[in-house]
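Okay, structure first, notes after.
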Amino acid sequence: MQQDDDSARAEATIEVEGLERIYPGGLRAVDGVDLAVSAGEIYGFLGPNGAGKSTTVRILTTLLRPTGGHARIAGYDVVKQASQVRRSIGVALQEAALDPLMTGRELLQLQGALHGIRRPESKLRAEELLERVDLVVAADRLLNTYSGGMRRRLDLAMALVHRPSVLFLDEPTTGLDPVSRSSLWTELRKLNDEGTTIFLTTQYLEEAEQLADRVGIIDHGKLVAEGTPQELGRLVGEPGLYVKLIDESKSDDARQLLAVHGAVSDRSAGGLTIRTALGARAIAPIVRTLDEAEIEVDAVEVEEPTLDDVFLAVTGHKAEEDSGEDAV
Ligand SMILES: Nc1ncnc2c1ncn2[C@@H]1O[C@H](COP(=O)(O)OP(=O)(O)OP(=O)(O)O)[C@@H](O)[C@H]1O
Ligand SMILES: [Mg+2]
Numbered sequence: 012m013q014q015d016d017d018s019a020r021a022e023a024t025i026e027v028e029g030l031e032r033i034y035p036g037g038l039r040a041v042d043g044v045d046l047a048v049s050a051g052e053i054y055g056f057l058g059p060n061g062a063g064k065s066t067t068v069r070i071l072t073t074l075l076r077p078t079g080g081h082a083r084i085a086g087y088d089v090v091k092q093a094s095q096v097r098r099s100i101g102v103a104l105q106e107a108a109l110d111p112l113m114t115g116r117e118l119l120q121l122q123g124a125l126h127g128i129r130r131p132e133s134k135l136r137a138e139e140l141l142e143r144v145d146l147v148v149a150a151d152r153l154l155n156t157y158s159g160g161m162r163r164r165l166d167l168a169m170a171l172v173h174r175p176s177v178l179f180l181d182e183p184t185t186g187l188d189p190v191s192r193s194s195l196w197t198e199l200r201k202l203n204d205e206g207t208t209i210f211l212t213t214q215y216l217e218e219a220e221q222l223a224d225r226v227g228i229i230d231h232g233k234l235v236a237e238g239t240p241q242e243l244g245r246l247v248g249e250p251g252l253y254v255k256l257i258d259e260s261k262s263d264d265a266r267q268l269l270a271v272h273g274a275v276s277d278r279s280a281g282g283l284t285i286r287t288a289l290g291a292r293a294i295a296p297i298v299r300t301l302d303e304a305e306i307e308v309d310a311v312e313v314e315e316p317t318l319d320d321v322f323l324a325v326t327g328h329k330a331e332e333d334s335g336e337d338a339v
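Take 12 as the starting number for the sequence shown in this note's numbering and just add one per residue.
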């Protein structure tokens, strides 16, 4: 792990104040965002399509100028000290335009050259990173033969070439299958254990839950909630228990009987949802109540809050609808 200068580390590694980006035409893509990420944290920036995630990342990584507010990374201002910022950060963007006719190894070495790393060292670094992201076997294949997961792993390796202390990842696992997704999560946790501060955007609450120490939810350019994943989950309210009956014609009876355990609502997929502070501990009493009335239970499951639930709780609207001009 490298040692950065302490003065830069004393404050938050990522400091954002009143950040704003108004696009021509007046769209407020980022509308007064304040946040701070400490060294060694994984911060998840969660939001639906068009929320302003990529715009924020592009500003923080010096690729786009803010129209208002300030941001400092590792102590450096993203506008006034852009080159120092660039040296401190690694970036994997949502739409990386990589030459499909180059190999993974060539791209990594090119990236090293762009960072001013000398050839012999850059070669070694490429080997090390290929191993790290498990691309040794595919290293000499052209990029246009890579799967989505392999590309994402190469994006990550490229972001790491110059050993940055802060890593920005824009939707690193969107479109990946569950296995590729969880192996990328493992890699990111490892990097974080080694001291890398990580800022990642995602549309998946589960990803934020799995990875992030803290999560900020962005909607229409504004930070609408922030906290640990547990704190955000609680914003949804009491946990839900989903009860499916074998005989759905009994659901009216069941609804009345179960009201003693919590607020009961119908589910479109059939079955009932009971909200209770007891969470999973209410499963046994619920099953007993139904048993006594000879209503047979097919399944009882704890309902994990989804991004949609959290969204609905903090914004009053669903994540997919009403996202500015992206809405159809
Ligand atoms: N260059 C641009 N000019 C004008 N409007 C833009 C530009 N880039 C993005 N926008 C708009 O700004 C808003 C925020 O876009 P942004 O790409 O930051 O969202 P996002 O949260 O990254 O979405 P996604 O999940 O789809 O990647 C959207 O309404 C988008 O249409
Ligand atoms: Mg985006």
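Every residue, glycine too, gets a C-beta built ideally from N, C-alpha and C.
In the structure shown, what three-state DSSP assignment does R143 receive?
helix
Between K64 and ligand 1, is the CB less than 7 Å from at least one heavy atom?
yes
Considering just the uninterrupted stretch of the alpha helix (DSSP H) at S194, what are its terminal residues?
Run containing S194: P189 to D204, per the alpha helix (DSSP H) assignment.
Given 7 Å as the limit, tell me if D166 has its C-beta closer than that to any heavy atom belonging to ligand 2.
no
Run the proximity test for G43: is its beta-carbon closer than 7 Å to any non-hydrogen atom belonging to ligand 1?
no
Measuring only from the beta carbon, is Y34 closer than 7 Å to any heavy atom that is part of ligand 1?
yes
Could you give the distance in angstroms between the alpha-carbon of P240 and the alpha-carbon of P131?
Roughly 43 Å between the two C-alpha positions.
At a cut-off of 7 Å, would you count D204 as near ligand 2, judging by its Cβ distance to the nearest heavy atom?
Incorrect: D204 has no Cβ contact closer than 7 Å to ligand 2.
Please tell me whether L109 and L119 are closer than 8 Å, where the distance is taken between their beta carbons.
no
Quick one: measure Cβ to Cβ for S260 and L283, integer angstroms, because I've assumed they're closer than 8 Å.
At roughly 13 Å, the Cβ-Cβ gap does not stay under 8 Å, so S260 and L283 are not in contact.
Thinking C-beta only, is H231 closer than 8 Å to D45?
no
Could you name the residues of the same chain whose beta carbon sits closer than 6 Å to that of A324, not counting the 5 residues immediately before and after it, in chain order?
L246 and V247
With a threshold of 8 Å, are at least 3 pairs of Cβ atoms found where one atom belongs to the stretch 139-150 and the other to the stretch 216-225?
no
What is the rounded straight-line gap between the Cα of T66 and the Cα of R32?
8 Å
When the Cβ atoms of the stretch 152-160 are set against those of the stretch 181-194, are three or more pairs found closer than 8 Å?
yes
With respect to 7 Å, is the separation between the Cβ of E182 and the closest non-hydrogen atom of ligand 1 below this value?
yes
What residues match up with A103 in a beta bridge as DSSP calls it?
For A103, which the question treats as bridged, DSSP gives the partners L180.
So, is T197 buried or exposed, given that buried needs 16 or more other C-beta atoms within 10 angstroms?
Exposed is the call here.
Bridge partners for I33 per DSSP, in chain order?
R39
Under the three-state reduction of DSSP, which class applies to S276: helix, strand or coil?
Three-state result, S276: strand.
Kindly identify the DSSP beta-bridge partner or partners of D88.
R83
Going by beta-carbon coordinates alone, are I228 and G58 separated by less than 8 Å?
yes
Tell me which residue opens and which closes the beta strand (DSSP E) that T213 is part of.
T208 to T213
Is the stretch 298-310 close to the stretch 204-216, with three or more CB pairs under 8 Å?
no
Checking the sheet assignment: what are the DSSP bridge partners for L153?
T114
With a threshold of 7 Å, establish whether the CB of G61 neighbours any heavy atom of ligand 3.
Although ligand 3 was asked about, the structure shown includes only ligand 1 and ligand 2 as ligands.
Relative to the C-alpha of E4, which candidate in L38, L71 and P316 has its C-alpha closest?
No answer is possible for residue 4: the residues shown for the chain start at 12 and end at 339.
Closest to L165 by CA distance: which of Q92, A107 and D204 is it?
A107
Can you find a heavy atom of ligand 1 that lies under 7 Å from the Cβ of L38?
L38: yes, Cβ under 7 Å from ligand 1.
Residues in the same chain with beta-carbon distance under 6 Å from R20, minus the five sequence neighbours each way, listed in chain order, please.
Note on R20: pLDDT 41, under 50, position unreliable in the model; the coordinate value appears next. Non-local beta-carbon contacts of R20 in its own chain, meaning distances under 6 Å to residues more than five positions away in sequence, involve A50 in chain order.
Can you give the Cα-Cα distance for P183 and L195, rounded to whole angstroms?
8 Å
Among all the DSSP beta bridges, which residues are the ones paired with E28?
H81
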